[in-house]
Amino acid sequence: MKRAMLCLLLVVAACKSEAGAVLQIVDVPSFNDDCTIPAAPALFQSAGTYDPSGGTGYTLALLLQNNANDTENPAAIPGDPDITPSANDAEILGYDYCFYRADTEDVTAYDPKGKGLPVECDDVSDDQRGFVTAGGNVSAGGGTRATSVRVLNLTALATLFGETFDPIALGGTFDDPVNLTTRSPAWGDFPAARSSRVNINVRARAKRQDGGTMRSNWFSFPVEVAPRLVVNQCVAAIVTCPGGGQGIQGQQIPASACGSVFSGAPLTCEDVDTCA
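For the sequence shown, counting from 1, position 190 maps to 172 in this note's numbering; every step adds exactly one.
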């Protein structure tokens, strides 16, 4: 209920402040097990989980809908009006975005009156916001398209958790992040916890076929940043099998790990024994 109310507040606020908010970010689709985004998603996420130990950034899937009128544009292709695209078809240009930690008391500084309003990108520092290009087309008349944007790379995480925060180095450690005395310096300013919540705000930019521009509503999505969630949870070892050869025994990341991690679901390991 709280999630629905937040999304409603974001949509209403965008419609009041910006013309062209008929282009909407509707929801966040769940990934398929092979890390692809369904063309017609049926399952959606209310929060994400991200292990930055791979250093590649977090991929946020987004479902866009174009509610503009489906109006033909005969001038687009002179002499051939019957096959012209709608003037209001939206060509995706990219996404404005920002990010901030949502697990600290500092967040209250963005909302001093305690109204529970979402943090706006104008409220955060320049190194916590930007624009990333994207592509695709969203047909007018209620057409939808699932796209994605990659955020929270190593540089971005350093702005949140300090310059010494190195999640790649953490991939090979097993120390407890809660123990500030004994944990690796690679944890930087990461909180004394196994995860830290980060909010991502995004807004799509697009161009109509007649040359006009469109901007979507702002959409807020929380992500639990959890170093080593994947790389150290499933552990296997090379062993000498009874027959004398080498094998692997222990646990491995299942084939569905991508879907589990990106959906925020707990990651379960699969037993492996190549000696059997």
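For glycine and all other residues, C-beta sits at the position ideal for the given N, C-alpha and C.
Per DSSP, residue i forms a beta bridge with which residues?
{"i": "Val254", "result": "Gly232"}
{"i": "Asp9", "result": "Leu45"}
{"i": "Thr222", "result": "Gln228"}
{"i": "Ala72", "result": "Val120, Arg190"}
{"i": "Thr31", "result": "Glu206"}
{"i": "Asp78", "result": "Phe113, Arg185"}
Express the C-alpha separation of residue j and residue i in angstroms, rounding to a whole number.
{"i": "Thr129", "j": "Cys223", "result": "46 Å"}
{"i": "Glu5", "j": "Gly124", "result": "Note that residue 5 is Leu in the sequence shown here, rather than Glu. Each residue's alpha carbon lies about 9 Å from the other."}
{"i": "Leu211", "j": "Arg176", "result": "9 Å"}
{"i": "Ala258", "j": "Gly226", "result": "13 Å"}
{"i": "Asn181", "j": "Arg132", "result": "14 Å"}
{"i": "Pro94", "j": "Ala84", "result": "Here the model assigns Pro94 a pLDDT of 48, short of 50, so the residue's position is not dependable, and the following value carries that caveat. The alpha-carbon atoms of Pro94 and Ala84 are separated by roughly 15 Å."}
{"i": "Asp158", "j": "Phe203", "result": "28 Å"}
{"i": "Gly118", "j": "Glu206", "result": "28 Å"}
{"i": "Leu46", "j": "Thr164", "result": "46 Å"}
{"i": "Gly194", "j": "Gly170", "result": "45 Å"}
{"i": "Val8", "j": "Ala43", "result": "11 Å"}
{"i": "Val120", "j": "Pro167", "result": "46 Å"}
{"i": "Pro209", "j": "Leu152", "result": "7 Å"}
{"i": "Ser178", "j": "Val254", "result": "31 Å"}
{"i": "Phe143", "j": "Asp16", "result": "30 Å"}
For residue i, is the classification buried or exposed, using 16 other Cβ atoms within 10 angstroms of its Cβ as the cut-off for buried?
{"i": "Thr256", "result": "exposed"}
{"i": "Asp33", "result": "buried"}
{"i": "Ala219", "result": "exposed"}
{"i": "Leu25", "result": "exposed"}
{"i": "Gly30", "result": "buried"}
{"i": "Gln228", "result": "exposed"}
{"i": "Val10", "result": "buried"}
{"i": "Phe113", "result": "exposed"}
{"i": "Ala21", "result": "exposed"}
{"i": "Asp51", "result": "The residue you asked about is not Asp; residue 51 is Asn in the sequence shown. With fewer than 16 Cβ atoms within 10 Å of its Cβ, Asn51 is classed as exposed."}
{"i": "Ala174", "result": "exposed"}
{"i": "Asn183", "result": "buried"}
{"i": "Ser12", "result": "buried"}
{"i": "Ser198", "result": "buried"}
Under 8 Å by Cβ, that's how I've got residue i and residue j pegged, so tell me the actual separation to the nearest angstrom.
{"i": "Asp71", "j": "Gln191", "result": "5 Å"}
{"i": "Phe149", "j": "Leu139", "result": "First, the amino acid is wrong: residue 149 is Pro here, not Phe. So it is a contact: roughly 7 Å between Cβ atoms."}
{"i": "Gln231", "j": "Val221", "result": "5 Å"}
{"i": "Ala122", "j": "Ser68", "result": "4 Å"}
{"i": "Thr141", "j": "Gln110", "result": "6 Å"}
{"i": "Gly39", "j": "Leu134", "result": "6 Å"}
Would you say residue i faces chain C, with C-beta separation under 9 Å as the test?
{"i": "Ala188", "result": "Judged by its chain identifiers, the structure shown contains no chain C, having just a single protein chain."}
In chain order, which alpha helix (DSSP H) runs of at least 4 residues are fully inside the stretch 109 to 167? 136 to 143, 149 to 152
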